[in-house]
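Structure first, commentary second.
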Amino acid sequence: MIPNTVEIDRMVPAAGAIKHSLESYATEAVGPDAELTRLHRVLYPVFRVEYRYEEESRLPWGDETARGVTLLDGLWADNHAALQQYRSGTDSLEPVSLDAYDLGRDRPGLGRTVLLDFQVPTQRARRLLPERLADVVESHRFDDPASITSSYAEELVDTFGLPSDLDPAAFEGIADVMRLYLPFWVGEVYRPDDRDLIGVVRDPEDTRDDGGSSHEWLSAFFRADKGRLARYAHTSIRQPTAPSVTGDSGSDSSDSTVSDGHTGEAADGHDGDTAGGRADDGSDAAETADDRTTATDGTDDHGEPHSEPVQPETAELDAETLVDPTPDRCFADIGGMADLKETVRRTVIGPVERPDQFREYGLDPVSGVLLHGPPGCGKTYVAGALAGELDYSFLEVTPADLSSKYMGKPAENVQDVFAIAEANRPCVLFLDEIDAIASAREDQSSTSERGMVNQLLTELEAVSDGVLVLAATNLLEDVDDAILRTGRFDERIEVPPPDAAAREEILEIHLEERPVVDGLALESVVDRTAGYAASDLEYIATDAARRALRDDERIDSEHLLAAVEAVDSSVPDWAGGALEEGKTITQPDGVDLSARSLVTPTVDRGFDDVGGMDDLKERLHETVIDPLENADRYAEYGLGVTSGVLLHGPPGCGKTHVAGAFAGELDYSFLEVTPADLTSKWMGKPARNVADLFEIARQNAPCVVFLDEIDGIAGARTGGGNASQRQLVNQLLTELESLGDEAVVVVAATNRISDIDDAVSRSGRFDERIEVPPPDATARREILRVHLADRPVATDITWETVVEYTDGYAASDLALLADNGARRAMRAGDRVRERHLLAAVSETDSSLGSDSAETAGDIDTDSRRADDTGGRRDDDTWYHQ
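So this is what it looks like as structure tokens:
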């Protein structure tokens, strides 16, 4: 979120005077063909660090404390030394509103003014100088060569503008850290016969005849990589992908385009961090550490945040083991996840850092955020990075920290946790695996567990300003409803498996300190790891390193791809079977049902994967698929698209499989629900679940909604029936009627069509009713072919015999038959042969209660004995149908 106000050290002249100056310079210093093609007012982020040290006094009665100032590069791009020339101008600052500046918010690309984004949290800037000076002191302790220590100390003096006589041992600490911006005019001059020249000025007189200025360091910084201007631009302005900032010579300066911006550079060796940093650098930019913390208990005598956790007297839990007072990470350390970071900046950081502005519009600051998504995808890391962004302490709690075998102790532990958070304000309190801490109370058998949830509810209601509660879960549906309701966790944010950009950055991070081949290309590895968790990628990097070590080689793409082959995704359910990029799952706001657990964004099967059933597939194609693909032609004849299909027939005959293949044929998302997903013992909850279901379908359209066992969902309503059940049916009727022209097709399945409520099954809701009977001979042959396709099958099987003996079998029976036949062949060390399948028939009954069991009894049992003796292995070629 772009701040309203920033602190700057000076105003710069208007663009007209600057442009005239640069154009004159271009003509005189470069030539008549030179042309000014870009002109931006750039606000460069800087940390102003005031430090204390003991100065040797000239007076006989002792030393005194002195203060000094250094400027640190807010981009963390090793420009610290060059910034020291601007120190004197930062003694007095003036706030400037950004409302009147063109920041590129209303159109793609950069505006005339470019607000660069801080890349590290204030806490990291606070620690840099003390850590560097401590290194010098430590070197003295261990008798390092004096020349080395002296050289390092001199480098610190030059880099940070320290007094030459400052004794590192006399350094007392940091007095104040604040954020500000240095404004510059950055112009790009097009030269036909040479590289484009970038000039930087603050005043017209800055430009010299030789083209240089006192700001040459910034010119060189942007010339070295012209994508930096866009890459470091504030994330609320920067676009996801676009061309380089150089562009054509004739374009206007206000039309500058934006480079990718996925990776940044940093002087401390963490190349590959995404351009990110703090979300809001404005109205509170001049806020000092003293100002920021005087209202909290988490400060020392100098008004600085405590370097050690504060232990409340009333709490038995140990704050030392739970609290990190200065989390050393921020959003710039998170690979990819641009949408997630922008969402957190907009919905969490903005309201927390500028509560008065939000209250003016009747919006309360967020006090609770629930992160949900698959394990290993970075929920804990995101929570810690958020604490770093806000300069808050980080208090992490797991179920193990709260549980106890003693009655009432878990509730006391919850009370202690919030007391610790209060004492260490400002603080992010992170409740990991909240589904285990606050599971649904109706599922809890322990009075102590229910008491813990009740205490958590009480604490969440009373949480004070300066404490932001975050929770994380892999199982959103297992969290107690009262915890989830509005007022406790107002924001719910999904942390999905990393996208392609994030996967590449995560791999780069874990390969950074390892020997890799020059120009290592990760594209193939990134493509092969779609749907993998961040933890999986860390393991892949480690496994590739082991493989390279065994080969005594540097890590290359072959090592990485071999590691990928050896490990499956740890979150296959979240991948939803759709590992292609661009397919996402949307979780609607205010919906309790989990879209991630219900929606498969891409189904990996179509009608070609359905054995037989040609009449059924043809009817679905004619009544649904063709009208969707040729909507205009059908509309010409007054024919609409069928939005409801009811599949009925005996169990195990493939209704669910056909519905999924139907979604795959349409290339629609597939949303499958059973009665267990919708029913609840709480009054009104089933109807609300139905409403949530269809909202998820609309948000993930185009979509096929599959209502399995609809007789259990929408059974016939009777006068003495359950009121909540009647509400469910009424809500379902409402949703079916309101679909209209939305790209949502509802498919229902039942074994008992007579048990469905008449209003649900009538025309207008399910216009197509299609029977899915037991498979005929052709279908049985096709189903067996599908289930044996990836297995070694002999070429001499007489399929007609096997098909004959399976008359009356359901599709699920045939799948079991194929498994049993393959198992027998494996035990015999043979290919799957006719005798193995017939032997499996003799021990597999039809689940439909047909006469196939008696038929199977007539099969020659010699086939079984052939199995027991191991059978004959011949030289037939393996047959994969």
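Numbering (the numbering used here), first residue to last: 529 to 1409.
The beta-carbon is built from N, C-alpha and C at its ideal position, and this holds for glycine as well.
All figures in this text were calculated on a predicted structure; none of them were measured in a lab.
Which of the three DSSP states, helix, strand or coil, is assigned to Met935? In the structure shown, Met935 falls within a coil segment according to DSSP collapsed to helix, strand and coil.
Check Arg654 in the structure and name its three-state DSSP category. Three-state result, Arg654: helix.
Of the listed residues Ala1028, Arg1082, Glu1237, nearest to Gly1177 (C-alpha basis): Comparing Cα positions, the closest option is Glu1237.
Please classify Gln885 as buried or exposed, where buried requires at least 16 neighbouring CB atoms within 10 angstroms. Exposed, by the Cβ-count rule.
Within the same chain, show all residues whose beta-carbon is closer than 6 Å to that of Ala1191, passing over the 5 residues directly before and after it, in chain order. Excluding sequence neighbours, Ala1191 sits near Val1131, Phe1198, Val1232.
Could you give the residue range of the beta strand (DSSP E) that holds His1176? DSSP places His1176 inside the beta strand (DSSP E), whose first and last residues are 1172 to 1176.
In this structure, how does DSSP classify Gly617 when only helix, strand and coil are distinguished? Under the three-state reduction of DSSP output, Gly617 falls in the helix class.
For Ala653, is the beta carbon positioned less than 8 Å from some heavy atom of the ligand ATP? Among the ligands in the structure shown, none appear at all, so the ligand ATP cannot be discussed.
Answer yes or no: do Ala1061 and Pro1116 have a C-beta to C-beta separation smaller than 9 Å? In this structure, Ala1061 keeps its C-beta atom at 9 Å or more from the C-beta atom of Pro1116.
If I follow the unbroken alpha helix (DSSP H) through Thr1184, where does it start and stop? That run of the alpha helix (DSSP H) goes 1183 to 1194.
Which first and last residues belong to the alpha helix (DSSP H) in which Ala1346 is found? Residues 1339 to 1355.
Is the region 860 to 871 touching the region 918 to 925, taking contact as three or more C-beta pairs under 8 Å? Touching, no, given that fewer than three Cβ pairs across the two stretches are closer than 8 Å.
Per DSSP, which residues does His900 bridge with? Please list them. Paired residue(s): Thr1001, Glu1022.
Close beta carbons around Leu631, own chain, < 7 Å, minus the five adjacent residues each side: The beta carbon of Leu631 lies closer than 7 Å to those of Ile530, Gly639, Thr641, Leu643, Ile765 in the same chain, with the five residues before and after it left out.
Hey, how far is the Cα of Ala1000 from the Cα of Lys907? Roughly 7 Å separates the two Cα atoms.
For Gly904 and Val1099, which I take to be in contact (beta-carbon distance under 8 Å), what is that distance rounded to the nearest angstrom? Contact holds; Cβ gap of about 7 Å.
Rounding to the nearest angstrom, what Cα-Cα distance links Leu944 and Thr842 in this structure? Checking the displayed sequence, the identity of residue 944 turns out to be Asp instead of Leu. The straight-line gap from Cα to Cα measures roughly 8 Å.
Check whether the region 641 to 660 and the region 566 to 584 are in contact - that is, three or more C-beta pairs closer than 8 Å. Taking a cut-off of 8 Å on C-beta distances, the region 641 to 660 touches the region 566 to 584, as three or more cross pairs fall below it.
C-beta atoms of Met935 and Ser967 nearer than 9 Å: Not in contact: Met935 and Ser967 (Cβ atoms no closer than 9 Å).
Taking buried to mean at least 16 other C-beta atoms within 10 Å of its own C-beta, is His548 buried or exposed? With a threshold of 16 other beta carbon atoms within 10 Å, His548 falls short and is exposed.
Our contact map puts Ala1346 next to Leu1366 with C-beta atoms below 8 Å; I'd like the distance itself, whole angstroms only. Rounded, the Cβ-Cβ distance is 13 Å, inconsistent with contact.
Met1141 classed as buried or exposed, judged by whether at least 16 other C-beta atoms fall within 10 angstroms: Classified as buried, Met1141 has 16 or more neighbouring CB atoms from the shown chains inside 10 Å of its CB.
Are there 16 or more other CB atoms within 10 angstroms of the CB of Ser1374, so buried, or fewer, so exposed? Per the 10 Å Cβ criterion, buried.
Would DSSP call Ser500 helix, strand or coil? This structure cannot speak to residue 500, because the chain is shown only from 529 to 1409.
From the DSSP output, read off the bridge partner residues of Tyr1162. Beta-bridge partners assigned by DSSP to Tyr1162: none are found.
Using the rule of at least 16 other Cβ atoms within 10 Å of the residue's Cβ for burial, across every protein chain shown, is Tyr1165 buried or exposed? Around the beta carbon of Tyr1165, fewer than 16 other beta carbons sit within 10 angstroms, so the residue counts as exposed.
By how many angstroms is the C-alpha of Thr1306 removed from the C-alpha of Gly1212? CA-CA distance, Gly1212 to Thr1306, rounds to 47 Å.
Hey, Thr1170 and Val1152: beta-carbon distance below 9 Å or not? For the pair Thr1170 and Val1152, the CB atoms are nearer than the 9 Å cut-off.
Does Thr598 pass the burial test, meaning 16 or more other C-beta atoms within 10 Å, or should it be called exposed? Counting Cβ neighbours within 10 Å, Thr598 comes out buried, since at least 16 surround it.
Compute the Euclidean distance between the alpha carbons of Asp1335 and Asp1304, then round it to the nearest angstrom. C-alpha separation (whole angstroms): 7 Å.
What three-state label does DSSP hand Asp1117 in the structure shown? If DSSP states are grouped into helix, strand and coil, Asp1117 belongs with coil.
Alpha carbon of Arg1254 to alpha carbon of Ala1123, nearest angstrom: Roughly 25 Å between the two C-alpha positions.
Burial state of Gly1118, where buried means 16 or more other Cβ atoms lie within 10 Å: Counting every other CB atom within 10 Å of its CB across the protein chains shown gives Gly1118 a total below 16, marking it as exposed.
Buried or exposed: where does Lys1209 fall if 16 or more other Cβ atoms within 10 Å of its Cβ makes it buried? Burial state of Lys1209 is exposed, judged by a 10 Å Cβ sphere holding fewer than 16 other Cβ atoms.
Span separating the alpha-carbon of Met539 from that of Ser747: CA-CA distance, Met539 to Ser747, rounds to 20 Å.
Can you tell me which of Val1044, Glu870, Arg1056 puts its alpha carbon nearest to the alpha carbon of Asp1084? Per the Cα distances, Val1044.
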